[in-house]
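Following: one structure in structure tokens, then a few remarks.
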Amino acid sequence: MLAGIVRRFGEVYAEDVPMPVIGDYDALVKIIACAFCNGTDSHIIEGTLPFVSPLPLILGHESVGRIIEVGAKVRNYKVGDIVFRPQVVYKNIPDVPNICWGGFAEYGVVSDGKAIAEDKAGSVLSGSWTMQQIILEGIDPIEATVLITVKETLSSLLIAGFNAGKSLLIFGSGPVGMSFAICGRMLGASNVVIVGRRDERLKQTLAFGVDETINSSKEDVVKKAREISKGRGFDLVVDAIGSYEVINLAVKTVAHKGIVGQYGVPVVPREQFQRFELDFRGTPSNWSLSFLNPDEPSTHEIVCGWVKHG
């Protein structure tokens, strides 16, 4: 089968790789679509992600596919199910590419982790099994690839304690920033503001639940944010880009007792990834910094319900 492989930074190849072999607790999936994640896949290709498997590797984690075969002890999947996050999984096969997430391939695997746990049968073959959830009937499989981002961003907001009546400032006007805006609006945000650099993109965000925008290439972000919030600041400020420079701006726009949430992955050398300098000048007296590691499976039913019911 074909898979998208990075053998050298800056280059992606479509190459033949072995078909994955399933065990008793696994299901074989024909992958229908896999979205390209600008926050990880592009940085993996460029060699700028702080953490990555050794090359060569198979890209892709925003995958959706249809189950075509199930192992003898699988109880929670059936043939025909459409599932999130099937991935190529190899076990003890020499000379094959490493797996990053392995969604850019013709076939992949999902693992019935619940059955494995119930039978006390050891560890799952696929490390992403908790995210390998069944998609509700009626949801387009190709369009469903974007729901992985929506599930991640919604769970990040909930982890940060965001709820109705709170204000939200988002750094980043790309798909992730727009997803945060949609989820914030669905949770009842009192005000949603996005910071970006391109007027055209910022204008588009207004259709995604955004109330106001700030163009960081033309405006003083901190001054404008304080003006919009009438000097109060925002209850939650999200870095959807992955930038220590953004974090240092964000801390000056957060409200008293508010939260600055880092979702984006900074593109820095590995040795710098876990530490950075903060400038506390102009910050409120009481605020917190939260690293928003999403809990994607926890919001699966909510997001699928949003799509099903409009």
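Position one of the sequence shown corresponds to residue 599 (the numbering used here), numbered consecutively onward.
Here a beta-carbon is modelled for each residue, glycine too, at the ideal position from N, C-alpha and C.
When we look at the beta-carbon of Val686 and count the other beta-carbons within 10 Å, is it buried (16 or more) or exposed?
buried
Here's the rule: buried if 16 or more other CB atoms are within 10 angstroms of the residue's CB, otherwise exposed. What is Leu876?
exposed
Sequence-distant residues of its chain with Cβ nearer than 7 Å to Val844 (five each side left out):
Phe769, Asp837
Secondary structure at Ala779, three-state DSSP: helix, strand or coil?
helix
Going straight from the alpha carbon of Arg830 to that of His854, what length do you get?
8 Å
Using only CA atoms, which one of Val852, Val905, Gly859, Glu899 lies nearest to Pro882?
Val852
Ignoring anything shorter than 4 residues or poking outside the region 782-867, list the alpha helix (DSSP H) runs there in chain order.
797-803, 819-826, 842-848
Compute the beta-carbon to beta-carbon distance between Arg683 and Lys628, rounded to the nearest angstrom, for a pair I have assumed lies under 8 Å.
Going by Cβ atoms, the distance from Arg683 to Lys628 rounds to 14 Å, so no, they are not a contact pair.
Considering only their Cβ atoms, is the gap separating Leu785 from Phe760 smaller than 8 Å?
yes
Alpha carbon to alpha carbon, how far is Arg799 from Gly862?
18 Å
Measure the C-alpha to C-alpha separation of Gly711 and Arg824 and round it to an integer number of angstroms.
48 Å
Should Ala742 and Val819 be called a contact, given that it needs their Cβ atoms to be closer than 8 Å?
no
Is the region 810-817 touching the region 726-745 in the sense that three or more CB pairs, one from each, lie closer than 8 Å?
no
For Asp624, does the three-state DSSP call read helix, strand or coil?
strand
Count the C-beta pairs between the region 618-626 and the region 667-683 that are closer than 8 Å, then say yes if the count reaches three, no if not.
yes
Mapping DSSP to helix, strand and coil, what is Trp904?
helix
Out of Arg795, Met617, Ser640, point me to the one whose CA is closest to Val707's CA.
Met617
Let me confirm a value: Tyr688 is counted as buried when at least 16 other C-beta atoms fall within 10 Å, else exposed. Which label applies?
buried
From the DSSP output, read off the bridge partner residues of Ser765.
Asn789
C-alpha gap between Asp639 and Gly658, whole angstroms:
7 Å
Exposed or buried, which one is Pro892 when buried takes at least 16 other CB atoms within 10 Å?
buried
Could you check the C-alpha separation between Ser709 and Phe878 for me, to the nearest Å?
46 Å
What's the call for Phe778, buried or exposed, on a 16-neighbour Cβ count within 10 Å?
buried
Span of the beta strand (DSSP E), counted from its first residue to its last, around Ser753
From DSSP, Ser753 is part of no beta strand (DSSP E) but of the alpha helix (DSSP H) over 745-757.
Starting from Glu644, trace the alpha helix (DSSP H) both ways and give me its first and last residue.
639-644
DSSP three-state label for Val774, please.
helix
Endpoints, beta strand (DSSP E) assigned at Glu660
660-668
In the DSSP assignment, what residue or residues form a beta bridge with Ala601?
Glu613, Ala703
What did DSSP end up calling Ile740 once you bin it into helix, strand or coil?
helix
Please report the straight-line C-alpha distance between Glu568 and Phe702, rounded to a whole angstrom.
Nothing about residue 568 can be reported from this structure: the residues present for the chain run from 599 to 908 only.
By a C-beta neighbour count over all protein chains shown, 10 Å radius and 16 as the cutoff for buried, is Asp738 buried or exposed?
exposed
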